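Here the structure comes first, spelled out in structure tokens, and everything after it is commentary.
Number of protein chains: 2
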Amino acid sequence: MTKIGIIGGTRGMGNWFARFLEKEGHAVRVFGRNVSEANIAEMADTCQVVVVSVPMGATGEVIAKVGPHMRKASLLMDLTSLKRDSVKTMLETSVSEVIGCHPLFGPRINSIAGQNVVLCPARARKWLSWLTDIFEKNGAFVLAATPEKHDQMMAIVQGLNHFNTIMMGLVLSKAGVSLSELMKFATPGFRAKMEIMERVFCQNPGLYADILTMNPDIHRHIEAYEQDVAQLKKLICQGNSAGIADVIEKHASFFEVI
Amino acid sequence: MTKIGIIGGTRGMGNWFARFLEKEGHAVRVFGRNVSEANIAEMADTCQVVVVSVPMGATGEVIAKVGPHMRKASLLMDLTSLKRDSVKTMLETSVSEVIGCHPLFGPRINSIAGQNVVLCPARARKWLSWLTDIFEKNGAFVLAATPEKHDQMMAIVQGLNHFNTIMMGLVLSKAGVSLSELMKFATPGFRAKMEIMERVFCQNPGLYADILTMNPDIHRHIEAYEQDVAQLKKLICQGNSAGIADVIEKHASFFEVI
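So the protein sequences, as listed, match chains A and B.
Per the numbering used here, residue 81 is the first one in the first sequence, and the count goes up by one each step.
Per the numbering used here, residue 81 is the first one in the second sequence, and the count goes up by one each step.
And the structure:
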């Protein structure tokens, strides 16, 4: 049994992680994101593992508060969607072991089996196998990556992906038809998109906004996106069906290995 | 038992519809899209229902060939993704009953139960209930709409939707990462998008290209799309997270009734 303290453990992924670790038999204490300095110091002194799970914009600040109190033999980790800054701050402010952790799923997931977890073992010794084992014995796929690699991939998997979802949602909500009418005309593919949009528009706007603004690797994809919109729009205005079919076919090979 | 002839019944939705009607106990004859004039005349003479299911660009031409041979008591119908032109041509070239039909799913569907079918009963008497019953007894939802209404809704459900899917696919395939590496970092939402992209990029490029170019109702949505891309890109470049969260929240109410 390990003693674990989670800052930001009352909601969202922090709360999910607390329940997950409790089921594993660990002693978990949760704190809100506005935990006092005194509580932080006491927690860092008594917990072997401290997890920071607060909104992206507050992560650096909270890490800077807890880092100096961490013991050398303990583990400091975060659950943030971006890893470059959080891992850097954890390394700079603490002498403890440091692992950036990004569970690639939301707190509403039914089972962790088959889901991906990225770990950035920045100053990891004994705690890396402990953490990896917890995820793997529950069926998750654990991948080690540098913070830079992680953020590059998240610029696509989260950044480009959410940008794309928000685009369709914005145009849809301004199209002048009600959702109930639209659903009578829905295809299976449209229903799948609706579920994705519903998640992005109705759950945690601040999280999606942070993902889009705090990862500089996103910019080149948004630049490409804007150019591709202009190119496809031109072909549509020209009524150039063969030209569009060409564009689709030219890029099909990327998807064919699925 | 009804005698049914399907032009374009050897592949895709025509083939799906042929098998569907055979299971219902009807006598179905299928013809390729290049069926001869003589065969068309003979089919129109002997079949009570003639179904045109050829690629969008060829639909008008095939209808114009079969229409004049149709008997007044028979039914001429099409399965095309757009209804304005096909229904107009069916009405103009025949004296038979005319129903535009758009099954809102693809031929790879497991069951029709819960799926939507739009009917445009343009000159329908006895055949409308026959057709409606076949779909409804198998659990599909049948909706009657004018060709204009149908095409307006398809500009969103298919046009905007596929445009959005193609956009993400184009940027993704040029991002400089392999699909296998990307999938190790995939979230549930990203996997759902991948499945949708795989369908659009690897199945029938010509169909998607036709859907984008042959429906004039699409243009205003693409125009709005381009403007929204520019607006969100600007907020991202400014690092304006609060501004993006505002935009998402402002449009959330559209999705909340799901």
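For glycine and all other residues, C-beta sits at the position ideal for the given N, C-alpha and C.
Quantities reported herein were computed from a predicted structural model and do not represent experimental measurements.
Neighbour flag for residue i against chain B, beta carbons, 7 angstroms
| i | result |
| --- | --- |
| residue 267 of chain A | yes |
| residue 336 of chain A | yes |
| residue 321 of chain A | yes |
| residue 181 of chain A | no |
| residue 150 of chain A | no |
| residue 285 of chain A | yes |
| residue 290 of chain A | yes |
| residue 233 of chain A | yes |
| residue 244 of chain A | yes |
| residue 301 of chain A | yes |
| residue 192 of chain A | no |
| residue 162 of chain A | no |
| residue 236 of chain A | yes |
| residue 250 of chain A | yes |
| residue 217 of chain A | no |
| residue 88 of chain A | no |
| residue 138 of chain A | no |
| residue 83 of chain A | no |
| residue 273 of chain A | yes |
| residue 202 of chain A | no |
Neighbour-count burial assignment, residue i, 16 or more Cβ in a 10 Å radius
| i | result |
| --- | --- |
| residue 338 of chain A | Reliability of the predicted coordinates at residue 338 of chain A is poor, the pLDDT of 49 falling under 50, and the value obtained from them is presented with this limitation in mind. Exposed: under 16 other Cβ atoms inside 10 Å. |
| residue 97 of chain B | buried |
| residue 350 of chain B | Because chain B spans 81 through 338 in this model, residue 350 of chain B falls outside it and cannot be assessed. |
| residue 232 of chain A | buried |
| residue 112 of chain B | exposed |
| residue 256 of chain A | exposed |
| residue 314 of chain B | exposed |
| residue 269 of chain B | buried |
| residue 336 of chain A | exposed |
| residue 123 of chain A | buried |
| residue 241 of chain A | buried |
| residue 148 of chain A | exposed |
| residue 81 of chain A | exposed |
| residue 279 of chain A | buried |
| residue 267 of chain B | buried |
| residue 225 of chain A | buried |
| residue 191 of chain A | exposed |
CA nearest to the CA of residue i, picked from the options
| i | options | result |
| --- | --- | --- |
| residue 142 of chain A | A:151, A:153, A:126 and A:167 | A:167 |
| residue 136 of chain B | B:178, B:285 and B:246 | B:285 |
| residue 216 of chain A | A:194, A:202 and A:307 | A:194 |
| residue 94 of chain A | A:173, A:145, A:163 and A:188 | A:188 |
| residue 186 of chain B | B:307, B:295 and B:197 | B:197 |
| residue 200 of chain B | B:213, B:222 and B:214 | B:222 |
| residue 245 of chain B | B:316, B:211 and B:288 | B:288 |
| residue 105 of chain B | B:219, B:334 and B:84 | B:84 |
| residue 307 of chain B | A:172, A:323, A:250 and A:332 | A:250 |
| residue 158 of chain A | A:238, A:227, A:292 and A:265 | A:227 |
| residue 297 of chain A | A:164, A:107 and A:235 | A:235 |
| residue 128 of chain A | A:260, A:303 and A:177 | A:177 |
| residue 130 of chain A | A:295, A:138, A:89 and A:301 | A:89 |
Paired residues, beta bridge with residue i - DSSP
| i | result |
| --- | --- |
| residue 130 of chain B | B:85 and B:156 |
| residue 200 of chain A | A:180 |
| residue 151 of chain A | Note: residue 151 of chain A sits in no beta bridge, so no partner. |
| residue 108 of chain A | A:84 |
Cutoff 7 angstroms: residue i Cβ touching any chain A Cβ
| i | result |
| --- | --- |
| residue 276 of chain B | yes |
| residue 76 of chain B | Beyond the ends of chain B as shown, which are 81 and 338, falls residue 76 of chain B; an answer cannot be given. |
| residue 241 of chain B | yes |
| residue 208 of chain B | no |
| residue 314 of chain B | no |
| residue 308 of chain B | yes |
| residue 282 of chain B | yes |
| residue 398 of chain B | As displayed, chain B neither begins before 81 nor continues past 338, which places residue 398 of chain B out of reach and without an answer. |
| residue 329 of chain B | yes |
| residue 296 of chain B | no |
| residue 223 of chain B | yes |
| residue 253 of chain B | yes |
| residue 247 of chain B | yes |
| residue 304 of chain B | yes |
| residue 270 of chain B | yes |
| residue 107 of chain B | no |
| residue 293 of chain B | yes |
| residue 325 of chain B | yes |
| residue 332 of chain B | yes |
C-beta neighbour in chain C for residue i, strict 7 angstroms
| i | result |
| --- | --- |
| residue 144 of chain B | Although the question refers to chain C, the structure presented lacks it and instead comprises the protein chains A and B. |
Inset, instruction - May I have a chain-ordered list of the alpha helix (DSSP H) segments no shorter than 4 residues that lie completely inside the stretch 208-278 of chain B? - result: 227-234, 241-253 and 259-264
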